[in-house]
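Participant: Quick one: the structure is below, and I'll ask about it shortly.
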Amino acid sequence: MKKRFLWLLLAFSLLTSQVCSTVAYANLVVDVETVDVPDVGGETAPPSVPMTGVELETEGKHTETSTTPQPEDSVQPTADPQPEDAAEPVENASSSEISVDSYDALIKAIDQINAETDDAGKKYVISITDDFVCRSKQVDIRKDITILGNGHTLTFEDRGDGSLLQFQMRTGGTLSLGMPDDGARNELTFDGEGHYRASAFLTVGSLSYKEKGELNIYDGVTITGLQGVPGQPGSTILVENGVFNMYGGKISGNTKDSAIPIAGTIAHYNPGVANITAEINLYGGEIIGNTQKYSTSAYYAGAVMMIVAGNPAGSSAAFRMTGGTIADNDSSTRGKAGGVNLYGSAVHGTISGGQIDRNTAYEGGGICVGNGATLDITGGSCTGNKALDGAGIYVGRDAKANLKNYRIADNVAENDGIPGNGGGISVYSHTDITLEACEISGNTAIDMSSFPHGRGHGGGIYTSSDTNVIIKKCTISRNTANVGGGVLFGGSASIQNSEISGNNAGMGGGVHVSQMWKRYDVALRMNDTKISENTAVMGGGLYTDQGVVINGGEISNNKSIRDDTVPDLQPCGGGIAIHLSNSNSVIGSSDAEAEPVRIFGNQCEGDGGGLYVFQIRGDKENILVQNTEITQNQANSAAGVCIAGAEVTLKNASVTQNHSTKTPAGGIAVRGAHDYFFGPVSPGALKLAD
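Following this line, the structure appears as structure tokens:
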């Protein structure tokens, strides 16, 4: 009896211990499920075993449940209660995903990830599960972190002191907003709601510590409503030392009203620090409707801005655009570049695609390149931009630009009602630029109020003195300006195998070559180029007061017309008007076997339907016309050639079938020139050579 009692006591003790163990573990686990096991063969069933489930989320959205039986005699400690916004990391072999629904949870998750060790190659994912308000904090990103928005919006509290949330990628850290092709999970909006802030929202790397970082933005991400203030050059993204890749998404409606003359929505600014490298790569997405302004002069500005001061050793900055859109951005308060600004000899840009449209600036509405920077373009377009100089592209001092297969169209050289120069492109001192297979069309630079001595020069292209321009296989059409409807050259230039047509101006409907401040023996060399259907008062196709050499090609169907809005100009030179002024020009090749220059079908409501050559003062100069056909032109007088105060030599040239409407001189007329102040001067001369 005693033994039986002891056995019963022992069994009761074991049963009580097991029940206590089960209750204690249940306090630890969320969603504990107790599984009842029925009696088998009349024996007492073993106590229930708790089954715990953990959901594992991977990029493929696969859900896996792990069940682990607990030892029958184990007693688990009671877990501390977790706050509702606690980050909940869940790991697999190569990545970890954390769901957060509040600002505190987001910061905690990033801090936990930064504290991880021995995680080389691991990628962490933070999944936003609710809208929330972000408070003030600088957050370092030191690992490879991706944030997925799942359609939510993060806004910012307004403290009024500019101290708002800022992410900085440091010590090789990478922040990706979204993933490639991840659809609705990528949808995330950062909305600054116009609140004042003192620093860039996203900072890549560190100048001070020479630490690198990386930032990636994908489709579905929107950054808007950020208000930048004094102290930082970037209102939204500042790339100090590292790489920014934009694959998609939208950066829009951000502003910066700066007290320093440096302002960019996406910016790199190196004041001269050695061994700093930066890349801004635009593969897709939109940078639209951002504003950079400064009360006096936001001198260096732009939706994208890269500036390196001086030439610090080991430092470089690179901009690459293969797709995407930069549009409707504004830095018109004396700012350089509404779209892209590249400045400094350590800065290089490449563009192979994408659109730069409808941006506004003081100089370089679409693109500005200056102070030794280089730019190579092989595709894309720059349209509808506006600036006082270089509405499409402004190439400044000592810069170099090469453009191929690029479209520059419908830009307007104007700022705040003030007309400017270079509707499509402006090129300034000590600069080289090459254009090949480009379209320059529909651009405007016009100011009839001060014609012809005011602004409004170079509807398609404007170049100042000390510049070198090469144009190959380009189309320059439908541009308008006071002077140089298609092109105004103030430096040296070469045009090869191109077409210049349908342009309009007061002087030089297609091309105007001007001496400006420097005299060139030969300012323009033109080979196998067609200048047709352009219109001006003087020089419907071409007007020059510099030396030109023309080989092959044609000057056809241009018009020199009377314009009552500019009564001081008298129509002359339907095809070509040449003012000899310490220069010599040659039309046609000395090689008799070469293709001739053909000047035909031009019209003039004054003198010189095909060619008008005049010299007002100085020693008589000569123009040689050889291997040239001047035919079927029309004018009031001297329908073929008019020589006024100059000397022209014809060699192996023909002047035939030209028609004068008011005087009998249908072919060639030789007369004296007339000086506006001094009246008649010496007569012209015609020489015929074998």
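Okay, so the sequence shown: first residue is 723 according to my numbering, each after it adds one.
Beta carbons are placed, not taken as given, at the ideal position from N, Cα and C, and that holds for glycine.
1) Which residues does DSSP pair with valine 1259 in a beta bridge?
2) So what does DSSP say about alanine 1433, is it helix, strand or coil?
3) Which value, in whole angstroms, describes the spacing of the CA atoms of serine 1038 and lysine 1058?
4) Quick one: any contact between the stretch 1354-1366 and the stretch 1303-1313, if contact means 3 or more CB pairs under 8 angstroms?
5) Just the C-alpha distance for isoleucine 1089 and asparagine 1063, rounded to the nearest angstrom, thanks.
6) Can you tell me whether aspartate 1079 is buried or exposed, with buried defined as 16 or more other CB within 10 angstroms of its CB?
7) To the nearest angstrom, how far is the alpha carbon of asparagine 1143 from that of threonine 896?
8) So, is leucine 876 buried or exposed, given that buried needs 16 or more other C-beta atoms within 10 angstroms?
9) Counting C-beta neighbours from all protein chains within 10 Å, is the total for glutamate 915 16 or more, i.e. buried, or is it exposed?
10) Could you give the DSSP three-state label for tyrosine 1005: helix, strand or coil?
11) Comparing alpha-carbon positions, which option in Thr1251, Ile1192, Leu1302 lies nearest glutamine 1237?
12) Is the beta carbon of threonine 1287 sitting closer than 8 angstroms to the one on isoleucine 1321?
13) Classify valine 1392: buried if its beta carbon has 16 or more other beta carbons within 10 angstroms, exposed otherwise.
14) Who are the near neighbours of proline 993 in its chain, counting only those whose CB is closer than 6 angstroms to its CB and skipping five residues on each side?
15) Cβ atoms of glycine 947 and isoleucine 863: under 8 angstroms apart, would you say?
16) How would you call proline 1289, buried or exposed, if buried means at least 16 neighbouring beta carbons within 10 angstroms?
17) Looking at the secondary structure, which residues open and close the beta strand (DSSP E) in which asparagine 967 lies?
18) Using the three-state DSSP reduction, which class does alanine 1123 fall into: helix, strand or coil?
19) Sort out for me which residues DSSP pairs aspartate 913 with in a bridge.
20) Please classify proline 1318 as buried or exposed, where buried requires at least 16 other C-beta atoms within 10 Å of its C-beta.
21) For serine 1214 and glycine 975, I'd like the C-alpha separation in whole angstroms.
22) Can you tell me which of the three DSSP states leucine 929 falls into?
23) Tell me whether the beta-carbon of isoleucine 1115 lies closer than 8 angstroms to the beta-carbon of cysteine 1160.
24) Quick one: what does DSSP say leucine 1410 is sitting in, helix, strand or coil?
25) From the DSSP output, which residues share a beta bridge with threonine 1047?
26) Under 8 angstroms, do isoleucine 1222 and threonine 1266 count as touching if we go by C-beta distance?
27) According to DSSP, is aspartate 833 part of a helix, a strand, or is it coil?
28) Please confirm whether asparagine 1280 and threonine 1257 have their CB atoms less than 8 angstroms apart.
29) Going by DSSP, name the residue or residues bridged to leucine 1210.
30) Considering only heavy atoms of the ligand HEM, does any lie closer than 7 angstroms to the CB of glycine 1094?
31) Based on the DSSP secondary-structure assignment, which residues constitute the bridge partners of glutamate 1161?
32) Buried or exposed for proline 1293, going by 16 or more other Cβ atoms inside 10 Å?
33) Return the CA-CA distance between alanine 808 and glycine 873, expressed in angstroms with no decimal places.
34) By Cβ distance, which residues of its chain are closer than 6 angstroms to serine 1305, with the 5 residues on each side in sequence left out?
Facilitator: According to the structure data:
1) To locate residue 1259, count along the sequence shown from 1; it is residue 537. Looking at the DSSP assignment, valine 1259 forms no beta bridge with any residue, so it has no partner.
2) Lying before the first or after the last residue shown, residue 1433 is absent from the chain, which here runs from 723 to 1412.
3) Position 316 of the sequence shown, counted from the first residue, corresponds to residue 1038. Position 336 of the sequence shown, counted from the first residue, corresponds to residue 1058. Between serine 1038 and lysine 1058, the C-alpha separation is close to 21 angstroms.
4) no
5) Here residue 1089 refers to the residue found at position 367 when the sequence shown is read from its first residue. Here residue 1063 refers to the residue found at position 341 when the sequence shown is read from its first residue. Cα to Cα, the separation comes out at about 6 angstroms.
6) Looking up residue 1079 in the sequence shown gives position 357. Under this definition aspartate 1079 is a buried residue.
7) For the purposes of this step, residue 1143 is taken as residue 421 along the sequence shown, with counting starting at 1. For the purposes of this step, residue 896 is taken as residue 174 along the sequence shown, with counting starting at 1. Near 44 angstroms, if we compare the C-alpha coordinates of threonine 896 and asparagine 1143.
8) Translated into the one-based positions of the sequence shown, residue 876 becomes position 154. So leucine 876 counts as buried.
9) On the sequence shown, residue 915 is found 193 positions in, with the first residue counted as 1. It counts as exposed.
10) On the sequence shown, position 283 is the one that residue 1005 refers to. Coil.
11) Residue 1237 sits at position 515 when you count from the first residue of the sequence shown. Ranking the options by Cα distance to glutamine 1237, first place goes to Leu1302.
12) Counting from 1 along the sequence shown, the entry for residue 1287 is found at position 565. Counting from 1 along the sequence shown, the entry for residue 1321 is found at position 599. Not a contact, by the Cβ cut-off of 8 angstroms.
13) Taking the sequence shown and counting its residues from 1, the one referred to as residue 1392 is at position 670. Valine 1392 should be labelled buried.
14) One-based indexing of the sequence shown puts residue 993 at position 271. Result list for proline 993: Ala1031, in chain order.
15) Here residue 863 corresponds to residue number 141 of the sequence shown, with the count starting at 1. Here residue 947 corresponds to residue number 225 of the sequence shown, with the count starting at 1. Taking 8 angstroms as the Cβ cut-off, isoleucine 863 and glycine 947 do not qualify as a contacting pair.
16) Counted from its first residue, the sequence shown places residue 1289 at position 567. The residue in question, proline 1289, is exposed, as its Cβ has fewer than 16 Cβ neighbours within 10 Å.
17) For this step, residue 967 is matched to residue 245 along the sequence shown. Taken as a continuous stretch (DSSP letters only), the beta strand (DSSP E) holding asparagine 967 covers 964-968.
18) Working through the sequence shown from its first residue, we reach residue 1123 at position 401. The answer is strand: DSSP assigns alanine 1123 an E or B state.
19) Numbered from 1 along the sequence shown, position 191 holds the residue referred to as residue 913. Answer is Thr877, Thr946.
20) To locate residue 1318, count along the sequence shown from 1; it is residue 596. Buried is the call here.
21) In the sequence shown, the residue the question calls residue 1214 occupies position 492. In the sequence shown, the residue the question calls residue 975 occupies position 253. Computed Cα separation, rounded: 42 angstroms.
22) In the sequence shown, the residue the question calls residue 929 occupies position 207. Three-state DSSP puts leucine 929 in coil, outside helix and strand.
23) The residue labelled residue 1115 in the question sits at position 393 within the sequence shown. The residue labelled residue 1160 in the question sits at position 438 within the sequence shown. No, Cβ-Cβ distance for isoleucine 1115 and cysteine 1160 is not below 8 angstroms.
24) Position 688 of the sequence shown, counted from the start, is the residue given in the question as residue 1410. Three-state result, leucine 1410: strand.
25) Position 325 of the sequence shown, counted from the first residue, corresponds to residue 1047. Beta-bridge pairing links threonine 1047 to Glu1008, Gln1077.
26) Here residue 1222 is taken as the residue at index 500 of the sequence shown, counted from 1. Here residue 1266 is taken as the residue at index 544 of the sequence shown, counted from 1. Cβ distance not < 8 angstroms, so isoleucine 1222 and threonine 1266 don't count as in contact.
27) Looking up residue 833 in the sequence shown gives position 111. The answer is helix: DSSP assigns aspartate 833 an H, G or I state.
28) Residue 1280 sits at position 558 when you count from the first residue of the sequence shown. Residue 1257 sits at position 535 when you count from the first residue of the sequence shown. Yes, the Cβ-Cβ distance between asparagine 1280 and threonine 1257 is below 8 angstroms.
29) Taking the first residue of the sequence shown as 1, we reach residue 1210 at position 488. BP columns for leucine 1210 point to Tyr1184, His1234.
30) Because no ligand of any kind appears in the structure shown, any question about the ligand HEM cannot be addressed here.
31) Against the sequence shown, residue 1161 aligns to sequence position 439. Beta-bridge pairing links glutamate 1161 to Arg1129, Thr1197.
32) To locate residue 1293, count along the sequence shown from 1; it is residue 571. Proline 1293 comes out buried.
33) Residue numbering aside, residue 808 sits at position 86 when the sequence shown is read from its first letter. Residue numbering aside, residue 873 sits at position 151 when the sequence shown is read from its first letter. Here alanine 808 scores only 45 on pLDDT, less than 50, and its place in the model is too uncertain to base an answer on.
34) One-based indexing of the sequence shown puts residue 1305 at position 583. The residues are Gln1268, Gly1269.
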